[in-house]
Amino acid sequence: MSSLTTNYCKNGSVELYLECFGDSRNVPVVLIPGAMAPRTFWNDWFCLQLAEAGFYVIRFDNRDMGKSTHFESSSPESGRIVPYSIFDMAEDALAVLLSASDKPAHIIGHSLGGSIAQIFSTKYPHKVQTLSLISSPLLSKGSIKYKQVDPNIAKEIWDFFGQNPLEPNFDRGLSNYLQTWKFLNGDWELDIGMATEYTRAIYETEVIEPAWNHMNVQESIPDIYREFSKLEMKKLFLQGERDFLPTHPDNQVLCAEHSRNATSEMLKGAGHMFFNKALWEIIASKIIKHIT
1021 MSSLTTNYCK NGSVELYLEC FGDSRNVPVV LIPGAMAPRT FWNDWFCLQL
1071 AEAGFYVIRF DNRDMGKSTH FESSSPESGR IVPYSIFDMA EDALAVLLSA
1121 SDKPAHIIGH SLGGSIAQIF STKYPHKVQT LSLISSPLLS KGSIKYKQVD
1171 PNIAKEIWDF FGQNPLEPNF DRGLSNYLQT WKFLNGDWEL DIGMATEYTR
1221 AIYETEVIEP AWNHMNVQES IPDIYREFSK LEMKKLFLQG ERDFLPTHPD
1271 NQVLCAEHSR NATSEMLKGA GHMFFNKALW EIIASKIIKH IT
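In the working numbering, the protein residues as written are 1021 to 1312.
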């Protein structure tokens, strides 16, 4: 089994917690989680699969999550503005990479992590070997005629979230979280053990409330079409065919068609979250094929 090492690094005053799997002499893979997602979104099994395929795997807690530096919330009632930008979060990813390896990395991001990965790739293309975007918002717009999510589907999603409030206590809140994970799991059977372990990790470090900073940081992201369309590294777009949260699933195909060296693949029956071992096996297989 590949060894696990832990560390902290700093980006200015922000302290970032990271965990590494495998041989540090290998080419690094940086895994960027999404909004309100701890590093363990990238579960141990997945990380070990990449490490055993010959990569040095680095997962970390974004700022405002897990063991990394937390900030005051920019919730509507607070009157505070979000205390950082997505560009700061991309700088965090750079700090993590530089602390662990001096080699360019395969960058993989899920959801908000995919947005961070896109910004990272346009700012530091020399640090990126390949780019993998999973269930990610698309920041490269230009004149691409993206599909809009059906308003009824969007309403169903946000009505569901409104009916499943967050509870500060794990024992009371687990049931609502499991309902949410089932809703976001698409057609795949929900692995209760996997979902419970993931939820417990959130409760261990977080004040359970909406991730206002992670949500608000996405409101001022510019169109990066000009920069992104010039990038030469290989790109993989993955999205569940039942996932309408970041964008219409078909838009991944459109973005890939307007990007250099890009392919897109649909995860059959998948939603925005992946609480199923067989689904993770499919994702791991596609990622390893892309970065090898």
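Just so it is clear, CB atoms sit at the ideal spot from N, CA and C, and this is done for glycine as well. Remember, it's a predicted structure, so these values are computed and weren't measured experimentally.
One or two residues paired with residue i in a DSSP bridge
| i | result |
| --- | --- |
| residue 1070 | None; residue 1070 has no bridge partner. |
| residue 1242 | Bridge partners of residue 1242: none, in fact. |
| residue 1020 | This structure cannot settle anything about residue 1020, because the visible part of the chain is limited to 1021 through 1312. |
| residue 1126 | 1049, 1150 |
| residue 1286 | 1259 |
Under 8 Å between C-beta atoms of residue i and residue j
| i | j | result |
| --- | --- | --- |
| residue 1034 | residue 1126 | no |
| residue 1304 | residue 1056 | no |
| residue 1222 | residue 1129 | no |
| residue 1240 | residue 1279 | no |
| residue 1164 | residue 1040 | no |
| residue 1201 | residue 1296 | no |
| residue 1061 | residue 1116 | no |
| residue 1265 | residue 1177 | yes |
| residue 1150 | residue 1247 | no |
| residue 1046 | residue 1076 | yes |
Nearest candidate by alpha-carbon position, reference residue i, set the options
| i | options | result |
| --- | --- | --- |
| residue 1102 | 1311, 1233, 1133 | 1233 |
| residue 1147 | 1199, 1207, 1079, 1253 | 1253 |
| residue 1191 | 1083, 1228, 1275, 1311 | 1228 |
| residue 1155 | 1080, 1090, 1261 | 1261 |
| residue 1058 | 1095, 1116, 1218, 1170 | 1218 |
| residue 1072 | 1044, 1082, 1216 | 1044 |
| residue 1289 | 1030, 1137, 1184, 1205 | 1205 |
| residue 1088 | 1109, 1069, 1075, 1159 | 1109 |
| residue 1308 | 1069, 1167, 1030, 1042 | 1069 |
| residue 1212 | 1054, 1226, 1197, 1224 | 1197 |
| residue 1042 | 1083, 1054, 1064, 1029 | 1064 |
| residue 1111 | 1100, 1098, 1139 | 1139 |
| residue 1236 | 1120, 1123, 1113, 1132 | 1132 |
Start-to-end residues for the alpha helix (DSSP H) that takes in residue i
| i | result |
| --- | --- |
| residue 1297 | 1297-1311 |
| residue 1106 | 1106-1120 |
| residue 1274 | 1270-1277 |
Run of the beta strand (DSSP E) containing residue i, from where it starts to where it stops
| i | result |
| --- | --- |
| residue 1039 | 1034-1041 |
| residue 1257 | 1254-1260 |
| residue 1031 | 1024-1031 |
Worksheet item: Which full runs of the beta strand (DSSP E) of 3+ residues lie inside the region 1051-1097, going along the chain?
Response: 1075-1080
Fill in: Uninterrupted alpha helix (DSSP H) stretches inside the region 1136-1224 (no shorter than 4 residues)
The qualifying runs are 1171-1183, 1190-1204.
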